[in-house]
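Which chain is which? The protein sequence lines are A and B, in order. Per our numbering, the first sequence starts with residue 635, numbered consecutively. Per our numbering, the second sequence starts with residue 1085, numbered consecutively. The beta carbon of each residue, even a glycine, is placed where N, CA and C say it ideally should be. As the structure is a prediction and not an experimental result, all values here were calculated from the model.
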Amino acid sequence: MNKHKFIQQRQPHWKQFEDFLMDVRRNSFARLPAEEISKYSQLLREVSNDLATIRSRGWGHDLISYLNDLVARGHNLFYGAPPANLAGVYHYLAVGFPQLFRANIGYFLTACLLFFLPLGISWYVVQNNPSLATRVIPEELMANFDLMYGEESPLNKEEEKITDEEDAFLSKESTFGDQRASMAGFYINHNVGIALQCFALGILLGIGTIYTLLFNGIFLGAVSGYIVSQGNGERFLSFVISHGSFELTAIAVAGGAGLMLGNALIHPGQRTRFQSLQVRGLEAVQIAGGAAVMLVVAALIEAFWSPSSIPNLVKYVVGSGLWILVFIYLGFAGLQADTQPLPVRKKERSKPTEVGFNGGRKS
Amino acid sequence: MTSTLNSDETATNSVNFPQQNFSAQREVLSLEMQIETPENVVLTYQLAGPAQRYIAYMIDLAIRLAILFGAWMVINMVGIVLPGTAIGIFLVIMFLNTWGYYTISEGFFKGQSIGKHVCGLRVIRDGGYPITFWPALLRNLVRSADAIIFYGIGITTMLLTRRFQRLGDLVAGTVVIQERSLHLPRKPVILNKIQPLNKNDIGSFVPRDEVLSLIDEFMGRRHVLTYERGHALAGILANNLAQRLNYSGDPQKVKQYPMAFLASVYKTFSFTHPQEEDEFAVSSHPRKQTVEVSLE
């Protein structure tokens, strides 16, 4: 067939497909009737065929690039993933995230080691030797902690502001809830940011993650040790116990996800390094996303529940309940769901699967 | 000379053996990315280089700062009533702006942040599929690792990988492509005044379709070149063709008016039936004028 004749014959179809693409861009793809979609999906195949024909006959670059772009856009449209919806979010939180977490629990345990061990050590050391705290904590922060958890602490009198700094932007008549809201914003911005960074830096062979975990572990341990050594332990622990459940666990979860990224580069297994990075990266980011959600929950608890003037006993009870809740959520949520998350069995996961099996028997 | 021949050669190579590009990855630095669709058609995407992406990044940065500034103004007004809540909301906005701007825009608006939209860039999966939420989140979380030393790490990996992927792209399996605007192929150049070559003047050689397309495209774009340059380039091809064709007509025509010669070669071989020619002459009337003028 002659080139010109071919173009003349096919051009109306191309134009039709182009109009369809423009149309879909303005309106939604989902709103099209079924027969329209099947009609245009057939048209996509036809245009693909035209592209192959023209390319094999060498009928000009202009034409090839035009058809190439036409097919590319169609391809993009017809092979796209279904749109996300609220049910998907629920499924992710109830099933997908805990399952993925358990499938890769080895990384989480490693991260726990890197986070809680230095935390415990520095807590122990600083509590017994408070003068060492100055090596880790800046002076003005220490003064702040004394103020926060000391006798004059706002934890005792909720109507007052937490620190001097807040006086600058909080007017006198701000209420408890209002004040708390600002702290909630602060915790979300600060804590979730740290966790996400902790995850993302894992791509640098895990070094960034390890550093963040160690640093935060040592720092938090030193702060806790210092406050307890100043005799404010009671107020501090009752403050920390509730949100600590979500917060500390989530930091370790995010750190574990970061270690996953780093390990994907170091031990790619049967894949190439880039392939392994892609496959594990997609799992790791879903775990990190879960950690971010947990941290948002923690921030809300920390802002609205932890500093309220509820008897310490209640706080301890509720706090322990939250720890158990976190344990149950991560350990057992989604166990019965049919859909299995891409389980790439690994040696270092032998321990975690035990935990999983135990859970299976119990529930 | 080399340029025309080379482009012809590479064109035929890629046309005849497209599978070569898959079996042995080409070593040459290329802005093209090829993928194969389920319809067994090879699609080509044009990759976006670091410079374009830098411009898009600057635009996005300006927009993010503007969002923060706008939020600050609004929050200040709300702050008169509820100062604490206002600050809380502002901090959450700041968080979303830092960590969520790209994820939301790329994940939910088909791989385009505003800056990318302005620059005509788009993020897609490296299989040619549109990007979804999780890869978008992943590539933009890892952005904070790329951003170390003023995006030094990102730029380095971008230059070291064949598809200009920064670390975030490598993890998420995404590439940034440049979108071309769809434009209908030009109507073939119709040369009314040009007579086909006399059948007695030429041998039995028939130029391949690629050569005819080359002539067609060359003449379509001749305005891009200066007259002298176009003349010289056309002369090379005209000489070669005249030799191959054993052209025994007026040698002056090849020397003096190579473009006209090419046009008549084109006309001789691309329209085998006279009525096709007529159809086209009618359909693209306005083109005639320009062709006559510049072909001289």
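Say whether chain B places a C-beta atom closer than 8 Å to the C-beta of residue i.
i              : result
residue 957(A) : no
residue 660(A) : no
residue 877(A) : no
residue 812(A) : yes
residue 652(A) : yes
residue 693(A) : yes
residue 668(A) : no
residue 725(A) : no
residue 847(A) : no
residue 715(A) : yes
residue 884(A) : no
residue 679(A) : yes
residue 901(A) : no
For a test of the three-state rule: what should DSSP assign to residue i, helix, strand or coil?
i               : result
residue 1250(B) : coil
residue 970(A)  : coil
residue 1350(B) : helix
residue 1279(B) : coil
residue 838(A)  : coil
residue 1208(B) : strand
residue 852(A)  : helix
Would you give the residue range spanned by the alpha helix (DSSP H) that residue i belongs to?
i               : result
residue 1237(B) : 1232-1244
residue 864(A)  : That residue, residue 864(A), is in no alpha helix (DSSP H); it is neither H nor E in DSSP.
residue 999(A)  : The structure shown has nothing for residue 999(A), since chain A only spans 635 to 997.
residue 1190(B) : 1185-1192
residue 645(A)  : 637-660
residue 1139(B) : 1134-1162
residue 919(A)  : 907-934
residue 1327(B) : 1311-1329
Check the Cβ of residue i against every Cβ in chain C and list those closer than 9 Å, keeping chain order.
i              : result
residue 939(A) : Among the chains of the structure shown, chain C does not appear; the protein chains present are A and B.
Would you verify that the beta carbon of residue i is, or is not, closer than 8 Å to some beta carbon of chain A?
i               : result
residue 1125(B) : yes
residue 1291(B) : no
residue 1352(B) : no
residue 1294(B) : yes
residue 1187(B) : no
residue 1204(B) : no
residue 1229(B) : yes
residue 1301(B) : yes
residue 1213(B) : yes
residue 1178(B) : yes
residue 1174(B) : yes
Could you check where the beta strand (DSSP E) with residue i kicks off and where it finishes?
i               : result
residue 1215(B) : No beta strand (DSSP E) holds residue 1215(B); DSSP gives it neither H nor E.
residue 1120(B) : 1116-1120
residue 727(A)  : First-last for residue 727(A): undefined, no H or E at that position.
residue 1196(B) : Careful: residue 1196(B) lies outside any beta strand (DSSP E) and carries neither H nor E.
residue 1260(B) : 1258-1262
residue 1130(B) : 1126-1131
CB-CB under 8 Å to residue i, same chain, minus the five flanking residues each way: which ones, in chain order?
i               : result
residue 1174(B) : 1155, 1156 and 1159
residue 698(A)  : 685, 688 and 689
residue 1133(B) : 1115 and 1248
residue 1202(B) : 1140 and 1143
residue 744(A)  : 890 and 893
residue 707(A)  : 655
Can you name, in chain order, every residue of its own chain whose Cβ lies under 6 Å from the Cβ of residue i, other than the five neighbours on each side?
i              : result
residue 924(A) : 731
residue 735(A) : 921 and 964
residue 879(A) : 956, 957 and 960
residue 863(A) : 761 and 764
residue 644(A) : 684
Keeping to the same chain, check which residues put their C-beta closer than 7 Å to that of residue i; ignore five residues upstream and five downstream.
i               : result
residue 713(A)  : none
residue 820(A)  : none
residue 596(A)  : This structure leaves residue 596(A) out entirely; chain A is present only between 635 and 997.
residue 1153(B) : none
residue 799(A)  : Model confidence at residue 799(A) stands at a pLDDT of 43, short of 50, so the residue's coordinates are unreliable; what they give is reported in the following sentence. Excluding sequence neighbours, residue 799(A) sits near nothing in its chain.
Taking contact to mean at least 3 C-beta pairs separated by less than 8 Å, is the segment 1256-1263 of chain B in contact with the segment 1218-1231 of chain B?
yes
Could you check whether the segment 1128-1135 of chain B touches the segment 766-775 of chain A, counting it as contact only if at least three pairs of C-beta atoms, one from each stretch, sit closer than 8 Å?
no
The segment 749-761 of chain A contacting the segment 939-956 of chain A, beta-carbon criterion three pairs below 8 Å:
no
contact_flag[the segment 1327-1346 of chain B, the segment 1277-1287 of chain B] where n(CB pairs < 8 Å) is 3 or more
yes
Does the pairing of the segment 1210-1218 of chain B with the segment 822-835 of chain A give three or more beta-carbon distances under 8 Å?
no
Taking 8 Å as the cut-off, does the segment 1230-1243 of chain B touch the segment 1177-1195 of chain B (at least 3 CB pairs, one atom from each stretch)?
no
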